[in-house]
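Student: Just dropping this structure here.
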Amino acid sequence: MSDQPQPAPRPPRRPYFRPASSVPKLSPESAARESQVVRAATERLGLAGAMAFLNADVGLGARPLKLAAASDEGARQVLELIAVQQPDGAA
Numbered sequence: 000m001s002d003q004p005q006p007a008p009r010p011p012r013r014p015y016f017r018p019a020s021s022v023p024k025l026s027p028e029s030a031a032r033e034s035q036v037v038r039a040a041t042e043r044l045g046l047a048g049a050m051a052f053l054n055a056d057v058g059l060g061a062r063p064l065k066l067a068a069a070s071d072e073g074a075r076q077v078l079e080l081i082a083v084q085q086p087d088g089a090a
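In this text, residue positions in the sequence shown follow numbering that gives the first Met the number 0: the first is 0, and each later residue adds one.
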């Protein structure tokens, strides 16, 4: 044994709990509309083109992804706009 004092034992760690998310969850209807728009955009524009299109300001007053999740009318507008897009993302 040595003459050096031993460090005090550390108290046991408390489990870490994450607080509940403050971000509101999408309703099932909103999630379904968003999924439909993402699927249509990906099929028409490819993955990179769909990501760029859905997160850009394309003249609808909001990002297409947010607009589609907000209402049936918004989803319809976004789907119509996707239908006229060229596969490379240009109208």
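Where is the CB? At the ideal position from N, CA and C, for every residue including glycine. Every value quoted in this text rests on a predicted model; they were computed, and no experiment measured them.
Does the separation of the CB atoms of F109 and Q76 fall below 8 Å?
Tutor: Outside the shown range of the chain, which is 0 to 90, sits residue 109, and nothing can be said about it.
Student: Along the chain, which unbroken stretches of the alpha helix (DSSP H) at least 4 residues long are found entirely within the stretch 51-76?
Tutor: DSSP runs (the alpha helix (DSSP H)) wholly in the stretch 51-76: 63-69.
Student: If you compare alpha carbons, which of S70, G60, R38 is closest to A82?
Tutor: Here the closest residue by C-alpha is R38.
Student: Out of K24, R13, E79, P10, point me to the one whose CA is closest to L59's CA.
Tutor: The option with the nearest alpha carbon to L59 is E79.
Student: Buried or exposed: P4, going by 16 or more other Cβ atoms within 10 Å of its Cβ?
Tutor: When all chains shown are included, P4 counts as exposed.
Student: Who are the near neighbours of G88 in its chain, counting only those whose CB is closer than 7 Å to its CB and skipping five residues on each side?
Tutor: Low confidence applies here, because G88 scores a pLDDT of 48, under 50, leaving its location unreliable; read the following figure in that light. The residues are L44, G48, A51, F52.
Student: With distances taken from CA atoms, which of A7, A55, R9, S29 is nearest D71?
Tutor: The shortest Cα separation from D71 among A7, A55, R9, S29 belongs to S29.
Student: Of all the options R9, A7, P86, N54, which has the alpha carbon lying nearest to the alpha carbon of E33?
Tutor: When each option's Cα is compared against that of E33, the closest is N54.
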